[in-house]
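Peer 1: I have a structure I would like to understand better, so I am pasting it below and will then ask my questions one at a time.
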Amino acid sequence: MGQAFKPIALVVEDDAYQRELLKVLLEEAELHVFACESAEAALRILDKYGSGMSLLVTDVQLAGVLTGADLARIARQRHPDLSIIVTSGNAKPILPVDALFMPKPWQALEILRQAERVQ
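Each residue of the sequence shown is one higher than the one before, counting from -1 in the numbering used here.
Right, here's the structure in full:
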């Protein structure tokens, strides 16, 4: 039999194609995935499910006012054990010390490797 529950991941990406790709990749890694396009929506999901969440994957540029870097800092303050991956096609922003930065274009295999680490 499988696990009693799947670890939970949150994907935050304003590009619909990349958001869906990340969602499918993480579901293939046996995670339950929530996905949204803004940090503001992500914070609402974190407020509801954050204590059970294992992984946050966010782009830096998002819909809304907050950036993915802002989201990573807030998420780290609220959920110190959450694994965080931040992606961007631009320079690495200032992130929490233990957040992983993955420049775009990222490799699907690398996303899967990181997802396996949180299970």
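The C-beta atom is built at its ideal place from N, Cα and C for all residues, glycine as well.
In this text the structure is predicted, and so the values were computed from the model without any measurement.
Rounding to the nearest angstrom, what Cα-Cα distance links G48 and A61 in this structure?
Peer 2: Each residue's alpha carbon lies about 21 Å from the other.
Peer 1: Do the stretch 65 to 82 and the stretch 32 to 46 meet, that is, are 3 or more Cβ pairs less than 8 Å apart?
Peer 2: Yes, the stretch 65 to 82 touches the stretch 32 to 46.
Peer 1: Whose C-beta lies closer than 6 Å to the C-beta of M(-1) among residues of the same chain, with five residues either side of it excluded?
Peer 2: The predicted position of M(-1) is uncertain, since its pLDDT is 44 and thus under 50; a value taken from the coordinates is nonetheless stated next. None.
Peer 1: Count Cβ pairs between the stretch 104 to 117 and the stretch 87 to 96 that sit closer than 8 Å; are there 3 or more?
Peer 2: With a cut-off of 8 Å, the stretch 87 to 96 and the stretch 104 to 117 do not count as touching, because too few Cβ pairs lie within range.
Peer 1: At which residue ranges does the stretch 60 to 111 contain complete beta strand (DSSP E) runs of 3 or more residues, listed in the order of the chain?
Peer 2: Listed in chain order, the complete beta strand (DSSP E) runs (minimum 3 residues) inside the stretch 60 to 111 are 81 to 86, 98 to 101.
Peer 1: State the beta-bridge partners of L53 as determined by DSSP.
Peer 2: In the DSSP output, where bridge partners are listed per residue, L53 has A7, S81.
Peer 1: Compute the distance between the beta-carbons of L53 and A33, then report whether it is under 9 Å.
Peer 2: Contact: no.
Peer 1: Taking the beta carbon of P5 as the centre, do at least 16 other beta carbons fall within 10 Å, making it buried, or is it exposed?
Peer 2: Under this definition P5 is a buried residue.
Peer 1: Roughly how many angstroms separate the alpha carbons of V58 and V84, rounded to a whole number?
Peer 2: Approximately 7 Å, taken between the alpha carbons.
Peer 1: What is the residue span of the alpha helix (DSSP H) that V22 lies within?
Peer 2: Unbroken alpha helix (DSSP H) run through V22: 14 to 26.
Peer 1: Along the chain, where does the beta strand (DSSP E) that runs through V31 open and close?
Peer 2: Taken as a continuous stretch (DSSP letters only), the beta strand (DSSP E) holding V31 covers 30 to 34.
Peer 1: Of the choices I82, P103, I92, R76, whose alpha-carbon is the least far from that of D45?
Peer 2: Checking every option, the nearest Cα to that of D45 belongs to R76.
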